[in-house]
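There are 2 protein chains.
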Amino acid sequence: MTIHRPPDKAAPSKDLVDAMRAFNRFYTRQIGLLDEGLLKSAFSLTEARVLYELAHRDGLTATDLGRDLGLDAGYLSRLLKKFERLHLISRAPLVSDARQASIALTPAGRNAFAPLDKDSHDQVAGLLDRLPASEQDRLVKSMRTVQRLLDDSAEPKVPYLLRPLQVGDIGWIIRRQGLLYAQDYGWDETYEALVAEILANFVKSFDPKWERGWIAEREGEVVGSVFVVRKSDQVAKLRLLYVEPSARGLGIGKRLVEECVGFARARGYKTLTLWTNDILTAARHIYQTAGFKLTGEEPHHSFGKDLVGQNWDLEL
Amino acid sequence: MTIHRPPDKAAPSKDLVDAMRAFNRFYTRQIGLLDEGLLKSAFSLTEARVLYELAHRDGLTATDLGRDLGLDAGYLSRLLKKFERLHLISRAPLVSDARQASIALTPAGRNAFAPLDKDSHDQVAGLLDRLPASEQDRLVKSMRTVQRLLDDSAEPKVPYLLRPLQVGDIGWIIRRQGLLYAQDYGWDETYEALVAEILANFVKSFDPKWERGWIAEREGEVVGSVFVVRKSDQVAKLRLLYVEPSARGLGIGKRLVEECVGFARARGYKTLTLWTNDILTAARHIYQTAGFKLTGEEPHHSFGKDLVGQNWDLEL
DNA sequence: CCGATAACTTGACTTAGTCAAGTAAATGAT
DNA sequence: ATCATTTACTTGACTAAGTCAAGTTATCGG
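Residue numbers (the working numbering), protein chains in the order written: chain Y, 2 to 317; chain P, 2 to 317.
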């Protein structure tokens, strides 16, 4: 029997699967503990979940609720009937489909939900409160990461945004470039050191009129960057273009290069030049598209490898 | 009415609480989906959870199970009786307490659990498999972070370990030092650049016989570092000692300095020197304890602040 | 216009879990 | 040593919570 998967794609390692299962068990218990606290109310857990959805989203139908909360249609039907009898919800038949109705909380429904909501809020706040503020941030950040990675539909609304450099950025770029090129091309630690040196000099001798750096950020994380430095009155140099593997295909690289070209043009430079290596084909493609021309190549030995360096120029 | 909390400690922000609640709802659903998949087996979800615990931990008593899984004692008692009737478990009364018994899966019990285990494993593997390997790592890492932060009892067994530099480390150190001193003392981006410059030079001119760097790692994360560089035949310099705020109080700083002193001594240096600033009191305390003597102070303006630099020497 | 499907609703049922009372052993304070 | 209290488990009585299947009405696709 053949296992049907692309040959280059291995099954997730047992360690990872086990860690995820351990987390699932842990969180099952965690949610169980939180739910216990809410059980004293007049509503069952499922009822509370339904109320929560209704309080936070408008125009839901019974089917929506059933799908999103994973409830049996029959069960839900009775549950909603009970809510209607208690005047907690109102149903407005859809004009587009007479079988369905848009369900909304009545003011009485909101009143009934408020203490539940508060209890749940306080309980979670109590959990968070045991941690120092920096750890609270880490916790919630990690939760967001888990959620985003598991939830296919949770693509960020803003694919990315560009912003200027902040403290901490250059360290991040140094680390990520060092790791990426070590992983993908086997470059040694001297490449990371080179990036560190370039960026240290960039910051030290930074001239805002003639130079600039851009950070591409997505969901609060750095996913790309690029720098323009002054070589002479006439010539600017584009340096250290990089895009996170997880953020490729969104046009971030192209956009970063466009920003550089626009900046260089606006400042009156005549030429924008850059140095790269022939193996970085994705980057080369971006440069070509932006109008850069290859002006020369030469082999060199750097970062523990034999490489071919390339110079590219764009006349502005 | 007064709120009883230290005045410097604010309640967790509503944003954080809401994000955590959103995650809880999301994960409730996530676990619900995973559980559905296992529902076709002969065992109920709770039965499966009990079997899982028994398969993975030895010497459990009924009370242990009830506590860890949050089960009613009566319910659990019947459940275990059923397992015993099916010869899935055996109970050995404890010699220390005749009321309790150590519960273990029989070989038949393991057989019954195996397909459950496999289904659960495969299902989780299927989820992971939809992500590229790097994202799988991020997911599991984030889960571990969430678990560790929420689980009081889950303190890491190894508080930390020391290791040599790897690719990616210097970028991380640059970032963290830049951020920390910006947060705590308002230093500007030139400090981050200085760290980058120091570390770039360290790597470029690294001489393994005379120089060394140490990384303190905990749970796979960098939590501290220090470097020794050669100034002359006689004099070595300790540089860039740092410990993550979250990892302070474990003696990591002290240990890092001790490593430096030991290394400097072993290599035959006569003096270990260092430069620091008077506001860094925690570090100063470590240096004093290690035997360093203050040899001079002088004010300087750096990193956007007026500071007082200090030189410390240790005669070896 | 008609067969298939979707959105509920209702009735009949089960299971998973709760609660309280009870027993035997262990613990702790005299 | 002893006796009240607590702990570990058991048992009986109960029900909330959820499932399943069949039915009704409306919509959809050809």
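All C-beta atoms, glycine included, are put in the ideal place defined by N, C-alpha and C.
Residue i and residue j look like a contact to me (Cβ under 8 Å); what is the Cβ gap, rounded to whole Å?
i: residue 315(Y); j: residue 262(Y); result: 7 Å
i: residue 270(Y); j: residue 317(Y); result: 6 Å
i: residue 284(P); j: residue 242(P); result: 6 Å
i: residue 148(P); j: residue 24(Y); result: 6 Å
i: residue 39(Y); j: residue 121(Y); result: 6 Å
i: residue 63(P); j: residue 81(P); result: 6 Å
So which residues of chain P does residue i contact, with C-beta pairs closer than 7 Å?
i: residue 45(Y); result: What residue 45(Y) touches in chain P: nothing, since even the nearest Cβ is about 14 Å away.
i: residue 107(Y); result: Within chain P, no residue comes near residue 107(Y); the closest Cβ sits about 23 Å away, beyond 7 Å.
i: residue 17(Y); result: 129, 137, 141
Taking residue i as the query, report the chain Y residues whose CB atoms sit under 8 Å from its CB, ordered along the chain.
i: residue 132(P); result: 150
i: residue 191(P); result: 204, 205
i: residue 32(P); result: 25, 28, 29, 32
i: residue 303(P); result: Near residue 303(P) there are no residues of chain Y at all, since even the closest Cβ is about 12 Å away, more than 8 Å.
i: residue 136(P); result: 150, 247
i: residue 71(P); result: 30, 33, 34, 37
i: residue 164(P); result: Those within 8 Å of residue 164(P) in chain Y number zero; the least Cβ separation is about 14 Å.
Give the DSSP-derived three-state secondary structure of residue i in the structure shown.
i: residue 162(Y); result: strand
i: residue 188(P); result: coil
i: residue 311(Y); result: strand
i: residue 197(Y); result: helix
i: residue 276(P); result: strand
i: residue 297(Y); result: strand
i: residue 43(P); result: coil
i: residue 125(P); result: helix
i: residue 72(Y); result: coil
i: residue 58(Y); result: coil
i: residue 210(Y); result: coil
i: residue 14(P); result: coil
i: residue 168(Y); result: coil
i: residue 7(Y); result: Below a pLDDT of 50, predicted positions are generally treated as unreliable, and residue 7(Y), at 46, falls in that range; no measurement from the model is reported.
i: residue 182(Y); result: helix
i: residue 302(Y); result: strand
i: residue 338(P); result: Shown here, chain P extends from 2 to 317; a query on residue 338(P) therefore has no answer.
i: residue 96(P); result: coil
Do you know how far the Cα of residue j is from the Cα of residue i?
i: residue 127(Y); j: residue 57(Y); result: 22 Å
i: residue 103(P); j: residue 165(P); result: 45 Å
i: residue 299(Y); j: residue 280(Y); result: 13 Å
i: residue 87(P); j: residue 27(Y); result: 28 Å
i: residue 132(P); j: residue 256(P); result: 40 Å
i: residue 260(P); j: residue 215(P); result: 8 Å
i: residue 265(Y); j: residue 306(P); result: 33 Å
i: residue 84(Y); j: residue 90(Y); result: 6 Å
i: residue 31(P); j: residue 246(P); result: 34 Å
i: residue 36(Y); j: residue 151(P); result: 16 Å
i: residue 291(Y); j: residue 258(Y); result: 7 Å
i: residue 34(Y); j: residue 139(P); result: 27 Å
i: residue 98(Y); j: residue 48(Y); result: 26 Å
i: residue 123(P); j: residue 134(P); result: 17 Å
i: residue 193(Y); j: residue 68(Y); result: 49 Å
i: residue 188(Y); j: residue 72(P); result: 54 Å
i: residue 65(Y); j: residue 15(P); result: 27 Å
i: residue 163(P); j: residue 191(Y); result: 22 Å
i: residue 287(Y); j: residue 254(Y); result: 7 Å
i: residue 230(P); j: residue 268(P); result: 12 Å
i: residue 277(Y); j: residue 297(Y); result: 11 Å
i: residue 248(Y); j: residue 310(P); result: 43 Å
Which residues in chain P have a C-beta closer than 8 Å to the C-beta of residue i? List them in chain order.
i: residue 104(Y); result: Near residue 104(Y) there are no residues of chain P at all, since even the closest Cβ is about 18 Å away, more than 8 Å.
i: residue 197(Y); result: 171, 172, 175, 197, 198, 200, 201, 204
i: residue 146(Y); result: 139, 140, 143
i: residue 22(Y); result: 121, 122, 125
Going along chain P, which residues have a C-beta under 9 Å from residue i?
i: residue 48(Y); result: Those do not exist, as residue 48(Y) stays about 14 Å from chain P at its closest Cβ, beyond 9 Å.
Since residue i meets chain Y, which of its residues come closer than 7 Å, beta carbon to beta carbon?
i: residue 225(P); result: Going along chain Y, no residue has its Cβ under 7 Å from residue 225(P), so there is no contact; the nearest lies around 15 Å.
i: residue 13(P); result: 126, 129, 130, 137
i: residue 42(P); result: Those do not exist, as residue 42(P) stays about 16 Å from chain Y at its closest Cβ, beyond 7 Å.
i: residue 168(P); result: 179, 180, 183, 190, 193
Which residues in chain Y sit within 9 Å of residue i, going by Cβ to Cβ distance?
i: residue 315(P); result: Chain Y residues near residue 315(P): none, gap ~28 Å exceeds 9 Å.
Three or more beta-carbon pairs under 8 Å between the segment 167–179 of chain P and the segment 214–233 of chain P, yes or no? Under the three-pair Cβ rule at 8 Å, the segment 167–179 of chain P counts as touching the segment 214–233 of chain P.
Taking 8 Å as the cut-off, does the segment 42–58 of chain Y touch the segment 109–122 of chain Y (at least 3 CB pairs, one atom from each stretch)? A contact exists between the segment 109–122 of chain Y and the segment 42–58 of chain Y.
Three CB pairs or more closer than 8 Å across the segment 71–80 of chain Y and the segment 94–102 of chain Y: Contact between the segment 71–80 of chain Y and the segment 94–102 of chain Y is absent: fewer than three C-beta pairs spanning the two stretches fall below 8 Å.
Cβ pair count under 8 Å reaching 3, the segment 192–199 of chain Y against the segment 185–205 of chain P: A contact exists between the segment 192–199 of chain Y and the segment 185–205 of chain P.
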